[in-house]
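Just so you know, the UniProt record's numbering puts 39 at position 39 of the sequence shown, and the rest follows in order with no gaps.
Step one of this worksheet: look at the structure below.
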Amino acid sequence: MPIRLIVAESGGSVFWSPRKLREARAREAVRERDETEEKLQKAQAKKQRKEAQLQRQVELEQRRVERQRLKEAKELERAEKAAERARKVEAQHQKKTIQQAQQRKRKASQVTLSSNKRQKRASAAHAGDQARDGPSAALPKVTLRGRNVSLPQKHR
């Protein structure tokens, strides 16, 4: 309780006892100390709140930067995949056009050496020999293309 001035109605002076004066001064010192401690605590709390807010802002900025970096990495990866796909499609297209161009070209007809004539002559020669020698095992007939023909049983 602070020192109160009790003013008499008559306007006289007030005298304080030394003990009351000491108690009043002690109470005043405690009150001032409490006020300064409270101000100090409030200042520290305010400083902590400000530091926490700055820390949150730094973390938010870091997260934003990380998200941006990941987004750019994904975009780069997508672009690389798209470019790879385009290269594959272009390679397939080139391959297809080359194949089509090659298919359009006709191969030159090759002259085949027909060995059929030799076989035919040889078989004719053998047939003549057989006619002279007599009936022996019949030689198989040969087509113009050189394939053997087996006659059915009733025609032999």
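Note that beta-carbon positions come from the ideal geometry of N, C-alpha and C, so glycine has one too.
Note that this is a predicted model, so its numbers are computed, not measured.
| Check | Outcome |
| --- | --- |
| Residues bridged to Val142 (per DSSP) | Asn148 |
| Val14 versus Arg49 - alpha carbon distance | 49 Å |
| Backbone secondary structure at Gln57 - three-state DSSP | helix |
| Coarse secondary structure for Gln103, derived from DSSP in three states | helix |
| Arg78, DSSP secondary structure in three states | helix |
| Glu59 to Thr36 span [Cα, whole Å] | 34 Å |
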